[in-house]
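Line by line, the protein sequences give chains A and B. Mapping of the first sequence onto this note's numbering: position 14 corresponds to residue 14, and the numbering continues sequentially without gaps. Numbering-wise, this note's numbering comes out as the position in the second sequence, counting from 1, plus 1000. One structure is given here, and the rest of the page talks about it.
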Amino acid sequence: MRNFFQFIWNNQFTFLFFFLEFIGFVILTTNNSFHNSSLYSTSISLSGKVANINNSYAQYIGLKEENTLLLEESARLKEKLLNSSGTSNNNVSRIHYKTRKANAIKSTYNLGNNYIILDKGSNAGISPQQGVIGPEGVVGIISHCSEHYSKVIPLIHSQSLISCKLSSSSYFGILKWEGKDAHFAILEDIPNHVGIQPNDSILTRGASGAFPPNELIGFAVSSERNESTGFQSITVKLATNYENIDNLYIIENEEKPELDSLIMEIEQ
Amino acid sequence: MTRDIFSYIIHFLLLIIVQIVLLNNVQFSGLLNPYLYIYLLIILPVDFPPNAGLFLAFAMGIIIDIFSQTLGMHTISAVFLAYARPYILRSMAPRDGYEFSRNVSIKQMGWLWFLTFSGIMVFLHHFVLFFIESFRMSGLGYTLLKAMGSSLLTLSLIVVVQLLFTRSPKSGLGYD
C-alpha cells in the first residue's frame, strides 16, 4: 500500500493530468446527455449576456441588409395572403400556430455542432421543441431555455433530424447534416424511382408538430441513387444562410402537447 | 517575482477577454478559428512548476468553455497542452540547458526556436480541440486540415502579440 502511494507521489504530474482530463471528459459527456444541468444553463445565460453586448454593435452594421430581407419577406407574405383569399376554407389548416419574434444574439456555422442563442427565453413563453423560422426559411428547433435566453439546434447540427417532403411529389424523408458545409444538407429515404428536378423545393412535413406543413427548407441540387438500398440521397441547398442570422420567428403549435401524448400512446 | 505573478494575472484576464469578445466571433470560411488564449501557456517561464501549469490550463480552459458554449472541449485540450509542454521543452533544450526563470519569447530564445516551439504547441492544442469537437462524425483528414489552417492563424497572431507587447530585455542586462 505504501509503495502504491509512493508511486502516485512520484508520478504526481501524470496523475494530476489524468485527473484533470477526467474532469474535462465528465463535463463534456454529462453536457451531451443531461442538458439541463445547472452549469449548462449558467453557461447559456453567461454567454448570452456577453453575446448580447457584442450583438448590440453588430446589429447597426447589418441594418441595411436586414431591411431588404424584411421587405422581401413581407412581399412574400402579401402574396400568400392574396392567393389564399380566393380559395375555399376547406384547405385552411384548423391548427392554430402562434408566432413570436426573437433576435439571434449569437450564432455559429463552422463548428461540427452549431448553435444559435436567442434573446428571449422561458419568460417570453418559449419552450424546448418549438420550431424556429427565419425570413428565408426553416432555421431549427429550440433545445434549451433559460429565463431570458434560449438555445436553438439549427439544421446544421449533427443531431438535427427534420422530417420533410418534396414539393413536386409529396414523398417524404429525413433531412440530415454531414458536418461540413453550412449551405448544404442531405435528404435521405426517398425511393429511387422518384424523379428529382434540380431546384425542386423541399418543404416541412409538419409531422412532429414543431413546424407548420409546407414551410420552405431548401432546394434540391443533385441526387445520388443507391441501388443496394433502393433509396436515393438528395443534396439540398438550404434556404437559410447561417452566416447571416438575425431576426427569427418562433412557432408555437398550441396542439403539440395533444399530438405528442397521442404519439407516445401509440409507441408504447 | 510578485511583479511576474501580477503580469501573468493580467495576461490571463486579457487573453480570456480577447478570446471571448473578439476571436470567438472570427469565422473565416468555416476553416479558420484562432485560439489565442493558449499564448499564456507558451510564454510561461521554462521552469514554471508543471503541476501549477496544469491547474492554470484547467482554469483557462473551463472559463473559455463556459463563455463559448463548448463545455469540456477547451478544458481537455488546454490541460493536454500543459501536460505536453515540459516534454516539448525538454526535447528542444539547447546543448548547455536553458537559462531558468525566463519567459519564453522571441527576444530570449530567437526566432527559429520560438516559432518551432509555438508551432508545435499550437498545432497540438488545435488538433486535440478539433478532434474532440468532431469525434463521432467527420474524418481525420478534415480535422487535420482545420487544425493546420487555424494553427497558422493563431501562430501569426502570437507573433504579432510578441512583436507589439514585449519590452526590450532590460532584465537580461541587470538593470532591474
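Idealized CB from N, CA, C, for every residue including glycine.
#1: Is any beta-carbon of chain A found at less than 8 Å from that of His1126 (chain B)?
#2: Let's test the definition: count the other Cβ atoms within 10 Å of the Cβ of Val1026 (chain B) and tell me whether it reaches 16, buried, or not, exposed.
#3: Of all the residues that make up the stretch 9-30 of chain A, which are near chain B by a beta-carbon distance shorter than 7 Å?
#4: Using a Cβ cut-off of 8 Å (strictly closer), state whether Val152 (chain A) contacts chain B.
#5: Quick one, which of A:Leu248, A:Pro257, A:Glu252 has its alpha-carbon nearest Pro135 (chain A)'s?
#6: Just curious, the alpha helix (DSSP H) that Ser961 (chain B) is in, first and last residue?
#7: Counting only C-beta atoms, is Tyr115 (chain A) closer than 8 Å to chain B at any point?
#8: Where in the stretch 197-245 of chain A do unbroken runs of the beta strand (DSSP E), each at least 3 residues long, occur, reported from the N-terminal end onward?
#9: Return helix, strand or coil for Arg100 (chain A), following the three-state DSSP convention.
#10: Among B:Phe1067, B:Trp1111, B:Ala1057, which has the Cα closest to the Cα of Leu1155 (chain B)?
#11: Who are the neighbours of Phe1075 (chain B) on chain A, taking C-beta pairs under 7 Å?
#12: Give, in chain order, every residue of the stretch 1103-1134 of chain B whose Cβ lies closer than 8 Å to some Cβ of chain A.
#13: Spell out whether any CB of chain A is found under 8 Å from the CB atom of Ile1016 (chain B).
#14: Quick one: does Gln1069 (chain B) have its CB under 8 Å from some CB of chain A?
#15: Counting only beta-carbon separations shorter than 8 Å, does Ile1088 (chain B) have a partner in chain A?
#16: Measure how close the beta-carbons of Ile1076 (chain B) and Leu28 (chain A) come, nearest whole angstrom, since I'm counting them as under 8 Å.
#17: Would you call the CB atoms of Thr204 (chain A) and Val138 (chain A) closer than 8 Å?
#18: Smallest Cα separation from Leu161 (chain A): which of A:Ser43, A:Leu69, A:Gly179, A:Cys145?
#19: First and last residue of the beta strand (DSSP E) that includes Asn253 (chain A)?
#20: Less than 8 Å between CB atoms is the rule here; does Val194 (chain A) satisfy it with respect to chain B?
Let me lay it out:
#1: For the purposes of this step, residue 1126 (chain B) is taken as residue 126 along the second sequence, with counting starting at 1. It does not; no Cβ of chain A falls within 8 Å.
#2: By one-based count along the second sequence, residue 1026 (chain B) stands at place 26. So Val1026 (chain B) counts as exposed.
#3: Gln12, Phe13, Leu16, Phe17, Leu20, Glu21, Gly24, Phe25, Ile27, Leu28
#4: On the first sequence, position 152 is the one that residue 152 (chain A) refers to. Answer no: the Cβ-Cβ gap between Val152 (chain A) and chain B never drops below 8 Å.
#5: In the first sequence, counting from the first residue as 1, residue 135 (chain A) sits at position 135. Comparing Cα-Cα distances from Pro135 (chain A) to each of A:Leu248, A:Pro257, A:Glu252, the minimum goes to A:Leu248.
#6: The question about residue 961 (chain B) has no answer here: the residues shown for chain B are numbered 1001 through 1176.
#7: Position 115 of the first sequence, counted from the first residue, corresponds to residue 115 (chain A). Chain B contact via Cβ: present.
#8: 201-204, 216-225, 231-238
#9: As a first step, residue 100 (chain A) is located in the first sequence; it is residue number 100 there, counting from the start. Arg100 (chain A) falls in the strand class under three-state DSSP.
#10: In the second sequence, residue 1155 (chain B) corresponds to position 155, counting from 1. Nearest C-alpha to Leu1155 (chain B): B:Trp1111.
#11: In the second sequence, residue 1075 (chain B) corresponds to position 75, counting from 1. The displayed chain sequence assigns Thr, not Phe, to residue 1075 (chain B). Simply Gly24, Ile27.
#12: Ile1132, Glu1133, Ser1134
#13: As a working mapping, residue 1016 (chain B) is identified with position 16 in the second sequence. So no, Ile1016 (chain B) is outside the interface.
#14: To locate residue 1069 (chain B), count along the second sequence from 1; it is residue 69. Chain A contact via Cβ: present.
#15: Translated into the one-based positions of the second sequence, residue 1088 (chain B) becomes position 88. Cβ-Cβ to chain A under 8 Å: no for Ile1088 (chain B).
#16: Here the question's residue 1076 (chain B) lines up with position 76 in the second sequence. Here the question's residue 28 (chain A) lines up with position 28 in the first sequence. Contact flag correct, Cβ pair sits at about 7 Å.
#17: Stepping through the first sequence from its first residue, residue 204 (chain A) is reached at position 204. Stepping through the first sequence from its first residue, residue 138 (chain A) is reached at position 138. Going by C-beta atoms, Thr204 (chain A) is nearer than 8 Å to Val138 (chain A).
#18: Looking up residue 161 (chain A) in the first sequence gives position 161. Nearest of A:Ser43, A:Leu69, A:Gly179, A:Cys145 to Leu161 (chain A), Cα basis: A:Gly179.
#19: Taking the first residue of the first sequence as 1, we reach residue 253 (chain A) at position 253. It spans 247-253 - the beta strand (DSSP E) in which Asn253 (chain A) sits, taken as one unbroken run.
#20: The count along the first sequence starts at 1 and reaches residue 194 (chain A) at position 194. Not closer than 8 Å to any Cβ of chain B, the Cβ of Val194 (chain A) fails to qualify, so no.
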